[in-house]
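Student: The structure is given below, and queries will be raised subsequently.
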Amino acid sequence: MVSNATRRLIRQRAKSLCEYCHSPEYLSPDRFTIDHLLPQSLGGSNDEINLALACHRCNTRHYNFTTAIDPLTQVTSPLYHPRQQLWGDHFIWTADGLRILGITSIGRATCHRLDLNDDFHDEGAIVDARWFWVQGGWHPPIDDPKEV
Ligand SMILES: [Zn+2]
Numbered sequence: 001m002v003s004n005a006t007r008r009l010i011r012q013r014a015k016s017l018c019e020y021c022h023s024p025e026y027l028s029p030d031r032f033t034i035d036h037l038l039p040q041s042l043g044g045s046n047d048e049i050n051l052a053l054a055c056h057r058c059n060t061r062h063y064n065f066t067t068a069i070d071p072l073t074q075v076t077s078p079l080y081h082p083r084q085q086l087w088g089d090h091f092i093w094t095a096d097g098l099r100i101l102g103i104t105s106i107g108r109a110t111c112h113r114l115d116l117n118d119d120f121h122d123e124g125a126i127v128d129a130r131w132f133w134v135q136g137g138w139h140p141p142i143d144d145p146k147e148v
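Numbering follows my numbering, with no gaps: position 12 of the sequence shown is 12.
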């Protein structure tokens, strides 16, 4: 059980962005969830070092996975770890701000496992939502690297 104080800390630390897809919580109808980096089912703790803010979409797809196939090399790679790695070292936004590109094996494997661009679910709507956020000037986050 994660305490309310820890939840507040996780939310502030993440600047209210999903730590995987960088969706802003304030544009979501639901409060984001607290994701366990090492799943509880595999012995992961409720310590803040094992926790990340995640939207429902990413948390559901993260499930209890810690690895995925890098679609470029077909090699199994660990998933992106927000406590140990920097988002911008593994991902960039396309110039139009609609899609996340994995620029490392970890980035590509995470894009694939978490389906960060609706490539694997016909009913995905995240790319559509981003289009509206870009029109509103709310997205992508100002400090995120972008394709040039
Ligand atoms: Zn997300």
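Each residue gets a CB set at the ideal place from its N, CA and C atoms; glycine is no exception.
(1) Would you tell me roughly how many angstroms separate the C-alpha atoms of P71 and I92, rounded to the nearest one?
(2) Three Cβ pairs or more, each shorter than 8 Å: is that satisfied between the stretch 106 to 113 and the stretch 127 to 135?
(3) Specify the secondary structure class of S23 as computed by DSSP and reduced to three states.
(4) Ignore the nearest five residues each way along the sequence and tell me which others in R11's own chain have a CB closer than 7 Å to its CB.
(5) Bridge partners for D70 per DSSP, in chain order?
(6) Excluding sequence positions up to five away, which residues of its chain have a Cβ less than 7 Å from the Cβ of N59?
(7) Using a threshold of 6 Å, is the CB atom of P63 nearer than that to any non-hydrogen atom of ligand 1?
(8) Using the C-alpha atoms, what's the distance from E25 back to E123?
(9) Is V99 a contact residue of ligand 1, with contact defined as CB to any heavy atom under 6 Å?
(10) Just to be sure I understand the criterion: a residue counts if its Cβ is closer than 6 Å to at least one heavy atom of ligand 1. Which residues meet that?
Tutor: Taking the structure as given:
(1) 17 Å
(2) no
(3) coil
(4) L53
(5) Answer is none; D70 lacks a bridge partner.
(6) T33 and D35
(7) Checking the sequence shown, residue 63 turns out to be Tyr, not Pro. For ligand 1, not one heavy atom lies less than 6 Å from the Cβ of Y63.
(8) Taken atom to atom, the span from the alpha-carbon of E123 to that of E25 is near 21 Å.
(9) Val is not the amino acid found at residue 99; the sequence shown has Arg there. No, Cβ of R99 sits at least 6 Å from all heavy atoms of ligand 1.
(10) Taking each Cβ in turn, the ones that pass are C18, Y20, C21, S23, A54, C55, R57 and C58.
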